[in-house]
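Below: the structure, in structure tokens.
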Amino acid sequence: MDTIAETNATPTANYPSLVRRFQSMFIDTLLIIIAMVLISATLSNITNTPDWIRIALFVFLFGCYEPFFMAFTKGTMGNRLMGIQIKQAKDESKKPSLVQT
Numbered sequence: 010m011d012t013i014a015e016t017n018a019t020p021t022a023n024y025p026s027l028v029r030r031f032q033s034m035f036i037d038t039l040l041i042i043i044a045m046v047l048i049s050a051t052l053s054n055i056t057n058t059p060d061w062i063r064i065a066l067f068v069f070l071f072g073c074y075e076p077f078f079m080a081f082t083k084g085t086m087g088n089r090l091m092g093i094q095i096k097q098a099k100d101e102s103k104k105p106s107l108v109q110t
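Under the working numbering, think of the first position of the sequence shown as 10, with each following residue one higher.
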């Protein structure tokens, strides 16, 4: 007797390894440090730069680097260099929105 069992086969997600994710994070950290140095050097050449501008630029760099890259390019620069793409869980063909990141 042959029985056919229906299964709800969902495709399994292909997650990057922990090593690749760590390498991606390391690249992002280096890029943020380089950006901090460049911003600091640029602002030191400008006379009478208010402290609030420096603070706002560094907060923006730390707080917005990852969410903006995730929402607009499917990953940060480190993710892209390591071949990692961030996708929506419900529809993998779409990138996450800024609210989801």
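Ideal Cβ placement from N, Cα and C applies to all residues, glycine included.
Return helix, strand or coil for Asp-11, following the three-state DSSP convention. Confidence in Asp-11 is poor, its pLDDT being 49 and thus under 50, which makes the residue's placement too unreliable to answer from.
Could you check how far apart the C-beta atoms of Lys-99 and Lys-83 are, in whole angstroms? I think they sit under 8 Å. Rounded to the nearest angstrom, the Cβ distance from Lys-99 to Lys-83 is 15 Å, too far for a contact under 8 Å.
Residues in its own chain within less than 8 Å of Ile-62 by CB, not counting five upstream and five downstream? Excluding positions up to five away in sequence, the list reads Leu-52.
Let me know the alpha helix (DSSP H) ranges lying completely inside the region 56 to 88, each 4 residues or longer, listed in chain order. Within the region 56 to 88, the complete alpha helix (DSSP H) segments at least 4 residues long are 60 to 82, listed from N- to C-terminus.
Can you round the beta-carbon distance between Met-45 and Leu-70 to whole angstroms, since I take them to be within the 8 Å contact cut? The beta carbons of Met-45 and Leu-70 sit about 7 Å from each other, so the pair counts as a contact at 8 Å.
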